[in-house]
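Numbering (my numbering), first residue to last: 2 to 208.
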């Protein structure tokens, strides 16, 4: 009996990690599909809003976005593109265990180069700190190289840029990396070292 138990324990020790990796690989594949669908939804929004990308957050005193969308002072990018999202489940990745009381969304929008305050030189209207919309799609000279969506910023869930230099802030749950979509609509997995660095390169619409 002890021999049988020992054999079972050995097999379990061998097989459980294999099953865990297989499950994570399946989640990684689904997450990648989610990013592709999110990118498509955002590009559909762009077509309806004069070729402008969404802004990370729309503040009611600078934007016509109805206040009932948010209830806490502003509407976020994913709320604005909701009409273009066919299945709300694409906002969630099973590999992200942590949730946020206000925003359980698993994904973030690249506000740094496309519509967030630090790149205020891309402002189209409003003020330096509050814009009513993001940059125009045509202003992105390298859409296949500029990140559109990625894993959400751990505190707010609005964007991904704020955690670039804080590695612990982003749960790199997909085998040492994570999935990202790009402005041209494609999506791919990338290692942490590829994206966590200076706030330029793949994050900024200005080369």
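For every residue, glycine included, the Cβ atom is placed at its ideal position computed from N, Cα and C. Please read these numbers as outputs of a predicted model, since none were measured by experiment.
Which listed residue (the options) has its alpha carbon closest to that of residue i
i           : options            : result
residue 183 : 32, 192, 146       : 146
residue 151 : 37, 51, 8          : 37
residue 139 : 17, 193, 48        : 48
residue 136 : 10, 43, 13, 20     : 43
residue 95  : 25, 19, 141        : 25
residue 180 : 55, 53, 27, 16     : 27
residue 56  : 149, 89, 189, 190  : 149
residue 97  : 108, 88, 89        : 108
residue 22  : 192, 177, 10       : 177
residue 35  : 192, 193, 188, 195 : 188
Cβ-Cβ distance between residue i and residue j below 8 angstroms
i           : j          : result
residue 175 : residue 31 : no
residue 50  : residue 85 : no
residue 186 : residue 41 : yes
residue 190 : residue 16 : no
Residue i in three-state terms, based on DSSP
i           : result
residue 35  : helix
residue 182 : strand
residue 165 : The predicted position of residue 165 is uncertain, since its pLDDT is 41 and thus under 50; a value taken from the coordinates is nonetheless stated next. Three-state result, residue 165: coil.
residue 50  : coil
residue 148 : strand
residue 85  : helix
residue 9   : helix
residue 129 : No answer about residue 129 holds up, because its pLDDT of 43 lies below 50 and its placement is not dependable.
Nearest-angstrom Cβ-Cβ length linking residue i and residue j, presumed shorter than 8 angstroms
i          : j          : result
residue 78 : residue 92 : That pair is no contact at about 11 angstroms.
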